[in-house]
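Written out below as structure tokens is the structure these notes cover.
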């Protein structure tokens, strides 16, 4: 096997020309397409990273808004509870005031009725005293009859009460 220099130089030249043609018409477009693809992938990765950061930011904002809403709800409940307690206290005070007034009115009415009954009793006692005195004057009584008459009178007064 002998290597001929002319053939070898021709093959080397053909190889170089073929490499030049392949690099110009095939390798450059493939490399350009691969660079575009790489740039596209990097853009998608960076966009995905931005989207993830935005999602985390939104999630944090939503957590904060939820926390604030819960706090506001708690404050509203506390205000409603304190208002309910104030209203209940007010209602109890009004009821106590009305009850006290009713008791005072009833006591005053009882006292008036008591005074009226005493006045009526005094009038009846006065009438009975006059009747007793007139009976005593009409009839001269012995000491025994006088004692019996007084006892009857006291019995009558006791029955009236």
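Residue numbers (UniProt numbering): 1 to 161. Cβ atoms here follow ideal geometry from the backbone N, Cα and C, with glycine treated the same way. Model, not experiment: these values are computed from the prediction.
Backbone secondary structure at residue i - three-state DSSP
| i | result |
| --- | --- |
| residue 54 | helix |
Nearest-angstrom Cα separation, counted from residue j out to residue i
| i | j | result |
| --- | --- | --- |
| residue 70 | residue 62 | 12 Å |
| residue 92 | residue 74 | 27 Å |
| residue 24 | residue 37 | 19 Å |
| residue 56 | residue 67 | 16 Å |
| residue 122 | residue 113 | 14 Å |
| residue 99 | residue 152 | 47 Å |
| residue 129 | residue 117 | 18 Å |
| residue 133 | residue 102 | 46 Å |
To test your reading of the DSSP string, which unbroken alpha helix (DSSP H) runs of 4 or more residues are found completely within the region 3–52? Qualifying alpha helix (DSSP H) stretches, in chain order: 5–22.
Please specify which runs of the beta strand (DSSP E), each continuous and at least 3 residues long, are wholly inside the region 84–109, giving them in chain order. Those beta strand (DSSP E) runs which fall completely within the region 84–109 and span 3+ residues do not exist here.
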